[in-house]
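S.K.:
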Amino acid sequence: MAKVTREVVERAGVDVDQLLELLVKNAAAELTTYYYYTILRVNLIGLEGEGIKEIAEAARIEDRNHFEALVPRIYELGGSLPGDMKAFHDMSACPPASLPEDPTDVKALLKVLVEAERCAVRGYTQICNMTFGKDHRTYDLALAILHEEIQHESWFSEFLGEGPSGHFLRRGETSPFVRKFLE
Amino acid sequence: MRQFTSEDLARYNGRDGMPAYVAYKGRVYDVSDSFLWQGGRHQVLHDAGADLTAALEQAPHGEDLLDRFPVVGVFIDSTPPRSPGR
């Protein structure tokens, strides 16, 4: 734990235990999403599915990166991850992004993906709101993750016909915003 | 439709086998089946068995998400009105 780090965040008025619980729940959401997206990606096949596979893969890898980026902050603030992987799964801040009943229904698959991203966008907005002007490092991290979650949402939303995402797919490396937190 | 006072509602806190109910703008919703309300808690900050009308103003989502849950009653606020300040 980084004692002074925690102390200054507490003195700024943040309930650090509450914040830690949120960070752990969101870390759980990232790692479980990485797992569920693996299954979704594998099932994105055929003429429709193949076109979406690439962005599902980028989102999958970036969600794993988000998990990796969150862990150091959790420990800096004096928190820890649960020892039980099942408990970790069940405390996720977002519901499981399970494969739809008909795995050949690409639209249903996209709905699962976009709902997962929307849950993440809400979660990191909450953390940004809690930490803005009070816990600069957590805010910076949550904001970086939020940037990427918003892009994921807009990619999947575009494929659902909700309107243009406004930007291109990743070209080259993943996690343009979160990269600085990955050691 | 069943009427809930704040005391009635408080019993439906999602713990010890009780369903999880929340009130919003006079309606009572059953959120027991939601993954995000396990154990009667929502995103660390909110507890079931309460009127969340004010809390939702600060939430990173709108009231449309409540449409996913069944309405089980109406909320009659039993809190005594505040006496006017001097």
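Residue numbers (the numbering used here), protein chains in the order written: chain A, -1 to 181; chain B, 3 to 88. Think of the CB as a built atom: it goes at the ideal place given N, C-alpha and C, for glycine as much as any other residue. These figures come from a predicted structure and were not determined experimentally.
Verify the CB distance criterion: does ALA22/B have a CB-CB separation below 9 Å to chain A?
M.R.: With 9 Å as the cut-off, ALA22/B does not count as an interface residue toward chain A.
S.K.: Kindly list, in the order they appear in chain B, the residues whose Cβ is closer than 9 Å to that of ALA91/A.
M.R.: Under the 9 Å cutoff, chain B gives LEU38, GLN45, VAL46.
S.K.: With DSSP collapsed to three states, give me the class of ARG13/B.
M.R.: helix
S.K.: Return the first residue and the last residue of the alpha helix (DSSP H) that GLY47/A is part of.
M.R.: 44 to 74
S.K.: Against PRO62/B, what residues of chain A qualify as contacts under a CB-to-CB distance less than 8 Å, listed in chain order?
M.R.: VAL119, ARG120, GLY121, THR123, GLN124, ASN127
S.K.: According to a CB-to-CB cut-off of less than 8 Å, which residues of the stretch 17 to 46 of chain A neighbour chain B?
M.R.: GLU19, LEU20, LYS23
S.K.: Considering just the uninterrupted stretch of the beta strand (DSSP E) at ARG29/B, what are its terminal residues?
M.R.: DSSP places ARG29/B inside the beta strand (DSSP E), whose first and last residues are 29 to 32.
S.K.: Have a look at the DSSP bridge pairing and note the partners of PHE6/B.
M.R.: PHE77/B
S.K.: DSSP has HIS44/B in a bridge; who is on the other side?
M.R.: Its beta-bridge partners are HIS48/B.
S.K.: Output yes if chain B places a C-beta closer than 9 Å to the C-beta of ALA88/A; else output no.
M.R.: In the sequence on display, residue 88/A carries Asp and not Ala. Yes - at least one Cβ of chain B is within 9 Å of the one on ASP88/A.
S.K.: Grouping DSSP H, G and I as helix and E and B as strand, with all else coil, what is LYS1/A?
M.R.: helix
S.K.: Rounding to the nearest angstrom, what Cα-Cα distance links LEU111/A and PRO98/A in this structure?
M.R.: 10 Å
S.K.: Using the Cβ count rule (16 or more neighbours within 10 Å means buried), how would you classify LEU17/A?
M.R.: buried
S.K.: Helix, strand or coil: which one does DSSP assign to ASP66/B?
M.R.: Looking at ASP66/B - three-state DSSP - the assignment turns out to be helix.
S.K.: Quick one: residues in its chain with C-beta nearer than 6 Å to the C-beta of PHE65/A, no 5 flanking neighbours on either side, listed in chain order?
M.R.: ALA25, GLU28, LEU29
S.K.: I think LEU41/A touches LEU107/A, with their Cβ atoms under 8 Å apart; what is that distance to the nearest whole Å?
M.R.: First, the amino acid is wrong: residue 41/A is Asn here, not Leu. At roughly 7 Å, the Cβ-Cβ gap stays under 8 Å, so ASN41/A and LEU107/A are in contact.
S.K.: Output needed for ASN15/B: all residues of its chain with C-beta closer than 6 Å, excluding positions within five of it in sequence on either side, in chain order.
M.R.: GLY42, ALA50, GLY51
S.K.: With the cut-off set at 9 Å, would you say ALA95/A and THR136/A are in Cβ contact?
M.R.: no
S.K.: Within the same chain, show all residues whose beta-carbon is closer than 7 Å to that of GLU65/B, passing over the 5 residues directly before and after it, in chain order.
M.R.: TYR26, LEU58
S.K.: Say whether chain A places a C-beta atom closer than 9 Å to the C-beta of ARG88/B.
M.R.: Because the pLDDT at ARG88/B is just 47, under 50, the model does not fix this residue reliably, and the value given afterwards should be weighed accordingly. Not a single C-beta of chain A is nearer than 9 Å to the C-beta of ARG88/B.
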